[in-house]
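Beneath this line is the structure, given in structure tokens, with notes to follow.
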Amino acid sequence: MTYVYQVVSDGEISDSVEWRVMHKENIILLESTLLGTSYSYECNPDFTIRTMDMKQNNSDHLLFSDSGSEIFIRGKKDGDNINTKISKSKYPWYQNIGWAASNMLATGKDELTFSLIRPDNFSILNMQAKVMEEERIMYENSLHDVVKVKITLTGLLKHFWSGYYWYRKDDFKMVKYQGNSGPPGSPNLTMVLINEFVN
43 MTYVYQVVSD GEISDSVEWR VMHKENIILL ESTLLGTSYS YECNPDFTIR
93 TMDMKQNNSD HLLFSDSGSE IFIRGKKDGD NINTKISKSK YPWYQNIGWA
143 ASNMLATGKD ELTFSLIRPD NFSILNMQAK VMEEERIMYE NSLHDVVKVK
193 ITLTGLLKHF WSGYYWYRKD DFKMVKYQGN SGPPGSPNLT MVLINEFVN
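Printed below as a string of structure tokens:
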């Protein structure tokens, strides 16, 4: 399936994002492009990450690979060759916040703590997803019943970053996001599902 989202920043349409989801045996492949960076993920059936491949317009290219207790990082960043590794968090590595919360809902949970990597400095962030409430919102020109989920950093850092995701009740696919476009301090944006189709 492919899911197309319209991106609104500062009240104006600024971009669109396509998420392509492909299932191959016990692997899920995710692909997307956002703000000049393309992402390819190889995931486990629960959407935890095996590998993440990032390519930017400025020729930066990084490959992140889960080796069990560590994550290996190889490629090029800001003109420098990268070959390093970082220790994994005790929480599962999802990276894609939207898909992490989708899997949480699909498995009947109300909360999930997980980790992701900041690609700019290779630090690990621990995040928490929590179901807030059920709502009815408009998208694709009609009203839909959805579940609202709040995502924050964990501990004291939860006051510095948060975002909200809305998911369809029938299949737990993300239909809307509202919050920062990246790490704390980045601009706010809204993404809304405008189309979906079979690959």
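Just so you know, we're using my numbering here: the sequence shown kicks off at 43 and counts up by one. Don't be surprised by glycine CBs; every beta carbon is placed ideally from N, CA and C.
- Item | Identity of the residue in Glu177, Thr90 and Leu105 nearest Val217 by Cα | Glu177
- Message: Can you list, in chain order, the residues of its chain with a C-beta nearer than 8 Å to that of Glu153? Leave out the 5 residues immediately preceding and following it.
- Response: Met146, Gln170, Ala171, Lys172 and Val173
- Message: Counting beta carbon pairs with one atom in the region 115-124 and one in the region 97-106, are three or more of them shorter than 8 Å?
- Response: yes
- Query: Over what stretch of residues does the alpha helix (DSSP H) that includes Asn145 continue unbroken?
  - Reply: Ile139 to Ala148
- Buried or exposed: Phe202, going by 16 or more other Cβ atoms within 10 Å of its Cβ? exposed
- Message: Within the continuous beta strand (DSSP E) that includes Lys218, where are the two ends?
- Response: Met216 to Asn222
- Meets three-Cβ-pair contact criterion under 8 Å: the region 175-189 and the region 150-167: no
- Task: Inspect the beta-carbon positions of Tyr47 and Leu235 and report whether they are closer than 8 Å.
- Result: yes
- Query: Is Gly117 helix, strand or coil by DSSP?
  - Reply: DSSP places Gly117 in strand when its eight states are reduced to three.
- Taking only the alpha-carbon atoms, compute the straight-line gap between Asp122 and Asp108 and give it to the nearest angstrom. 22 Å
- Item | Ser204 vs Lys190 beta-carbon contact at 8 Å | no
- Message: Using a 10 Å radius around the Cβ and a threshold of 16 neighbouring Cβ atoms, would you call Asn125 buried or exposed?
- Response: Result: exposed.
- Quick one: residues in its chain with C-beta nearer than 6 Å to the C-beta of Pro134, no 5 flanking neighbours on either side, listed in chain order? Thr90 and Phe156
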